[in-house]
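S.K.: Quick note on the UniProt record's numbering: the sequence shown kicks off at 1 and runs consecutively.
Please read through the structure below; I'll follow up with questions.
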Amino acid sequence: MPEPIDFMREALTLARANVAEGGRPFGAVLVRDGKVLARTANRIHATNDPTAHAELLAIREAAQRSGSPRLDGAIVYASGHPCPMCLAAMHLCGVTRAYYAYSNEEGEPFGLSTAAVYAQMALPPGRQTLAVEPLRPDGEGGLYEAWKAMRG
1 MPEPIDFMRE ALTLARANVA EGGRPFGAVL VRDGKVLART ANRIHATNDP TAHAELLAIR
61 EAAQRSGSPR LDGAIVYASG HPCPMCLAAM HLCGVTRAYY AYSNEEGEPF GLSTAAVYAQ
121 MALPPGRQTL AVEPLRPDGE GGLYEAWKAM RG
């Protein structure tokens, strides 16, 4: 049975291959019960999709293959420290652990750190540089109630 270090080696191999293709040095392997559910590399360079991070792509692929948005008990092996977006997705789908090979501190000199985003998100919403404000048209209501009613 493969060991955790073997899955990390695979994530790093994916990252190095992605660099050779002109991409960023990020790869991820998503595993549950010792079985690889998905293996991906960052695809931002190929898709111009800023959310095409290796971890997110692995989550999407594994969820589609399993037919469920829940990946409870899964483990992510990532070449770099997961960004806040990827970490949030891991929380939302039930990933229970994530390992990374390279830290934000190691990525900083190369422009590959997301520490500044983590720092922004740690601030109260009103102090973040991205303004997020409620705006609901008059007479609008019941959206969540309608959703709940459809679910039974």
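For each residue, glycine too, the CB sits at the ideal point set by N, CA and C.
Can the beta-carbon of Asp72 be found less than 8 angstroms from the beta-carbon of Gly94?
M.R.: As a first step, residue 72 is located in the sequence shown; it is residue number 72 there, counting from the start. As a first step, residue 94 is located in the sequence shown; it is residue number 94 there, counting from the start. Closer than 8 angstroms, so yes.
S.K.: Give me, in chain order, the residues of the same chain whose beta-carbon lies closer than 7 angstroms to that of Ala52; leave out the 5 immediate sequence neighbours on both sides.
M.R.: As a working note, residue 52 is residue 52 in the sequence shown. Excluding sequence neighbours, Ala52 sits near Asn42, Arg43, Ile44.
S.K.: Taking 8 angstroms as the threshold (C-beta atoms), are Gly80 and Pro25 in contact?
M.R.: Residue 25 sits at position 25 when you count from the first residue of the sequence shown. Residue 80 sits at position 80 when you count from the first residue of the sequence shown. Contact flag set, yes.
S.K.: Which residues mark the beginning and the end of the beta strand (DSSP E) in which Thr40 is found?
M.R.: Mapped onto the sequence shown, residue 40 falls at position 40. In the DSSP assignment, Thr40 falls within the beta strand (DSSP E) that extends over 35-41.
S.K.: DSSP three-state call for Arg136: helix, strand or coil?
M.R.: One-based indexing of the sequence shown puts residue 136 at position 136. Coil.
S.K.: Give the straight-line distance between the Cα atoms of Gly139 and Val132, rounded to the nearest whole angstrom.
M.R.: As a position in the sequence shown, residue 139 is number 139, starting the count at 1. As a position in the sequence shown, residue 132 is number 132, starting the count at 1. Their Cα atoms are separated by approximately 21 angstroms.
S.K.: Closer than 8 angstroms is the cut-off here; do at least three beta carbon pairs connect the region 123-137 with the region 95-104?
M.R.: no
S.K.: Which residues bound the beta strand (DSSP E) around Arg32?
M.R.: In the sequence shown, residue 32 corresponds to position 32, counting from 1. Element bounds for Arg32: 27-32.
S.K.: Rounded to a whole number of angstroms, what is the C-alpha to C-alpha distance between Ser113 and Met121?
M.R.: The sequence position of residue 113 within the sequence shown is 113, counting from 1. The sequence position of residue 121 within the sequence shown is 121, counting from 1. For Ser113 and Met121, the distance between alpha carbons rounds to 14 angstroms.
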